[in-house]
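Novice: One structure, as structure tokens, below. Some questions next.
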């Protein structure tokens, strides 16, 4: 199959064509950033989800019809790619799903960036860890001011010609950086949620046929309501206090209050509403979720069928 376009259609998960590519992605993308760590931070390697928990979450996501899986060479010091690769092989589902990984974050003090040499080296390392012969979507993880973007795009084009990747895109690029990139990117993956709504990449995506996917749709857990009374020990917020630390408390409180009103009227959870707000944005092709439990996955799945009205969307951003 390789496209993910048919799997799970009877399980309530919708699919969108990603920009001008031939990739039909599930609107919920399974984020693997907590596998073996919490993102790319070396001091948190070994935290996050352990290997058995990762497999449980991957099994549940696949059973629900989620067909796109998002990782990076730096997540968990490589554990995320390794565990995803082992799961793909053990379940025999590689041809039924889409795999996206990223390059650019430092994985050692002297190994990072978006130079052609680094990209060539890292795609081979990622393919080994993922136990696959190609990556469906290869993303820059960061903008690299020290490497001409033409060099990066040229390296990606070479990987397409070599059959190692099918498509490429950018993550954590501004609209102007994306506009300068040239080439044929099919995806921009940036943070987008009710407390981080200022992404300037939408216009560039619309003009160039680039699909937008949103990571951190719940603002690192801030929009779940679990931090109303403080920060529980062991949570992502406790381990990464810098995450969304610039959001003024009064702004967060206002957004959560608005979520409470809409959620109460619908008889559902505020995190379902917060995710539905992202998914019902016509400029968004999909949202990367990172559930830590199968219950959290169930909550995310409920957002797929929560079609917010224009009035509800306006109330959430008043």
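In my numbering, the protein residues as written are 1331 to 1648.
For glycine and all other residues, C-beta sits at the position ideal for the given N, C-alpha and C.
Jot down the residue ranges of each uninterrupted alpha helix (DSSP H) in the stretch 1360 to 1444, minimum 4 residues, whole runs only, in chain order.
Specialist: Whole alpha helix (DSSP H) segments, 4+ residues: 1381 to 1393, 1409 to 1421.
Novice: When the distance is taken between beta carbons, is residue 1516 closer than 9 Å to residue 1350?
Specialist: Position 20 of the chain shown, counting from 1, holds the residue named residue 1350. Position 186 of the chain shown, counting from 1, holds the residue named residue 1516. A contact, by the Cβ cut-off of 9 Å.
Novice: Quick one, which of 1430, 1604, 1392 has its alpha-carbon nearest residue 1522's?
Specialist: Here residue 1522 refers to the residue found at position 192 when the chain shown is read from its first residue. For residue 1522, the nearest C-alpha among the options comes from 1604.
Novice: Using a 10 Å radius around the Cβ and a threshold of 16 neighbouring Cβ atoms, would you call residue 1379 buried or exposed?
Specialist: Here residue 1379 corresponds to residue number 49 of the chain shown, with the count starting at 1. Buried, by the Cβ-count rule.
Novice: Would the beta-carbon of residue 1620 fall within 9 Å of that of residue 1363?
Specialist: What you label residue 1620 is simply residue 290 of the chain shown in a count that begins at 1. What you label residue 1363 is simply residue 33 of the chain shown in a count that begins at 1. Closer than 9 Å, so yes.
Novice: What are the partner residues of residue 1543, as DSSP defines its beta bridges?
Specialist: For the purposes of this step, residue 1543 is taken as residue 213 along the chain shown, with counting starting at 1. DSSP lists 1519, 1616 as partners of residue 1543.
Novice: Quick one: any contact between the stretch 1467 to 1479 and the stretch 1420 to 1437, if contact means 3 or more CB pairs under 8 Å?
Specialist: These segments touch.
Novice: Exposed or buried, residue 1512, counting other C-beta atoms within 10 Å across all chains shown (16 or more means buried)?
Specialist: Indexing the chain shown from 1 puts residue 1512 at position 182. Exposed, because fewer than 16 other Cβ atoms sit within 10 Å of the Cβ of residue 1512.
Novice: Would you mind reading off the limits of the alpha helix (DSSP H) that contains residue 1499?
Specialist: The residue given as residue 1499 occupies position 169 in the chain shown. First-last for residue 1499: 1495 to 1501, but that is the beta strand (DSSP E), not the alpha helix (DSSP H).
Novice: Please classify residue 1397 as buried or exposed, where buried requires at least 16 neighbouring CB atoms within 10 angstroms.
Specialist: For this step, residue 1397 is matched to residue 67 along the chain shown. Its Cβ being crowded by 16 or more others within 10 Å, residue 1397 is buried.
Novice: Specify the secondary structure class of residue 1470 as computed by DSSP and reduced to three states.
Specialist: As a first step, residue 1470 is located in the chain shown; it is residue number 140 there, counting from the start. The answer is strand: DSSP assigns residue 1470 an E or B state.
Novice: From the DSSP output, read off the bridge partner residues of residue 1346.
Specialist: As a first step, residue 1346 is located in the chain shown; it is residue number 16 there, counting from the start. The partner list for residue 1346 (beta bridge, DSSP) reads 1355.
Novice: My output table needs one value for residue 1525: the three-state DSSP class, helix, strand or coil.
Specialist: The sequence position of residue 1525 within the chain shown is 195, counting from 1. Here residue 1525 sits in coil by DSSP.
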